[in-house]
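Protein chains in written order, with our numbering: chain A, 33 to 147; chain B, -17 to 91. We put the CB at the ideal spot given by N, CA and C, even for glycine.
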Amino acid sequence: NAGVMQNPRHLVRRRGQEARLRCSPMKGHSHVYWYRQLPEEGLKFMVYLQKENIIDESGMPKERFSAEFPKEGPSILRIQQVVRGDSAAYFCASSDRARGDYGYTFGSGTRLTVV
Amino acid sequence: GQSLEQPSEVTAVEGAIVQINCTYQTSGFYGLSWYQQHDGGAPTFLSYNALDGLEETGRFSSFLSRSDSYGYLLLQELQMKDSASYFCGTSGGSYIPTFGRGTSLIVHP
């Protein structure tokens, strides 16, 4: 049973380009969470999705960032017109329930570098 | 909103016992969780406390006091491989896990 799969592991973009980060949750998991982690900092919540629905996007910047979790395929975090400040590690986590009682399973992350 | 406070760094020697504290302020509370993250790696789930008291899982134990809004992670018989960052997290009424800034544990031989 594969874990949470994120790709790519590393992504380099020039300022102004678009970045697309993919996350395939664990089999049977319908809840996906995206987090951003800056060096020496904790995990900052960005967005919570269930299949075809955005449940909570309160942590996601209003501009340039968007997320989706289609009926088929992985969840996508999209960053348009990237800036240097977007450089970070982006992790997604999945769960088979909304509550965290049994923990969330995280992917290995995508390290985005904006040059 | 929710906020969690934990020490930025803790050091200990191999074989020792170390405690990482976490205090939280949250509107609505369901439980306190702990995650371990090695450099460059994915956070991995360690434990979850919904009720007051101590939960033990091998060398790791986690404690919660809801009345004090406080918890800790206890690591016994420390090994070099335990050097990592440890995050406490809470899920409030929105079910969204919120994490502290993490504690970097450095284990010396």
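Residue i - partner residues in DSSP beta bridges
i, result
"P(-11) of chain B", "None, per the DSSP bridge assignment."
"S90 of chain A", "None; S90 of chain A has no bridge partner."
"E100 of chain A", "A:I108"
"H63 of chain A", "A:Q82 and A:S127"
"S56 of chain A", "A:M37"
"Y30 of chain B", "B:S15"
"V146 of chain A", "A:R45"
"H90 of chain B", "B:V(-5)"
"P71 of chain A", "Partner(s): none; P71 of chain A has no beta bridge."
"G71 of chain B", "B:S15 and B:F81"
"K178 of chain A", "As displayed, chain A neither begins before 33 nor continues past 147, which places residue 178 of chain A out of reach and without an answer."
"A24 of chain B", "In DSSP, A24 of chain B forms no bridge with anything."
"Q(-16) of chain B", "B:T8"
"Y136 of chain A", "Paired residue(s): none; Y136 of chain A is not in a bridge."
9 Å Cβ cutoff, residue i in contact with chain B
i, result
"G141 of chain A", "yes"
"L53 of chain A", "no"
"T88 of chain A", "In the sequence under discussion, the amino acid at residue 88 of chain A is Asp, which differs from the Thr named in the question. Closer than 9 Å: yes."
"Y122 of chain A", "no"
"F101 of chain A", "no"
"V44 of chain A", "no"
"G135 of chain A", "yes"
"V36 of chain A", "yes"
"E73 of chain A", "yes"
"F138 of chain A", "yes"
Assumed close pair residue i, residue j - CB separation to whole angstroms, cut-off 8 Å
i, j, result
"E50 of chain A", "R110 of chain A", "7 Å"
"G53 of chain B", "L28 of chain B", "No, G53 of chain B and L28 of chain B are not in contact; Cβ-Cβ is about 12 Å, not under 8 Å."
"T85 of chain B", "I(-1) of chain B", "That pair is no contact at about 15 Å."
"A120 of chain A", "Y65 of chain A", "Not quite, the Cβ-Cβ distance comes to about 16 Å (not below 8 Å), so this is no contact."
"H61 of chain A", "D118 of chain A", "The pair is not a contact, with the Cβ atoms about 26 Å apart (cut-off 8 Å)."
"V146 of chain A", "R47 of chain A", "6 Å"
"Q7 of chain B", "S51 of chain B", "7 Å"
"Y30 of chain B", "G135 of chain A", "6 Å"
"V89 of chain B", "A(-6) of chain B", "6 Å"
"P40 of chain A", "T142 of chain A", "6 Å"
"E(-9) of chain B", "M62 of chain B", "About 17 Å separates the two Cβ atoms, so there is no contact after all."
"Q(-12) of chain B", "C70 of chain B", "6 Å"
"I78 of chain B", "Y80 of chain A", "6 Å"
"Y17 of chain B", "A32 of chain B", "Their Cβ separation, rounded to whole angstroms, is 16 Å, which puts Y17 of chain B and A32 of chain B out of contact at 8 Å."
Cβ of residue i within 9 Å of any chain A Cβ
i, result
"S15 of chain B", "yes"
"A24 of chain B", "yes"
"P79 of chain B", "yes"
"G53 of chain B", "no"
Counting only runs that start and end within the stretch 32 to 61 of chain B, where is the beta strand (DSSP E) found for 3 or more residues in a row? 35 to 39, 42 to 47 and 52 to 57
Interface positions of the stretch -9 to 10 of chain B facing chain A (Cβ-Cβ less than 7 Å), listed along the chain: none
For the stretch 75 to 86 of chain A, enumerate the residues whose C-beta is nearer than 7 Å to any C-beta of chain B, in chain order. L75, F77 and Y80
When Cβ atoms are compared, which residues of the stretch 22 to 50 of chain B fall closer than 9 Å to chain A? G22, G23, A24, P25, T26, F27, L28, S29, Y30 and A32
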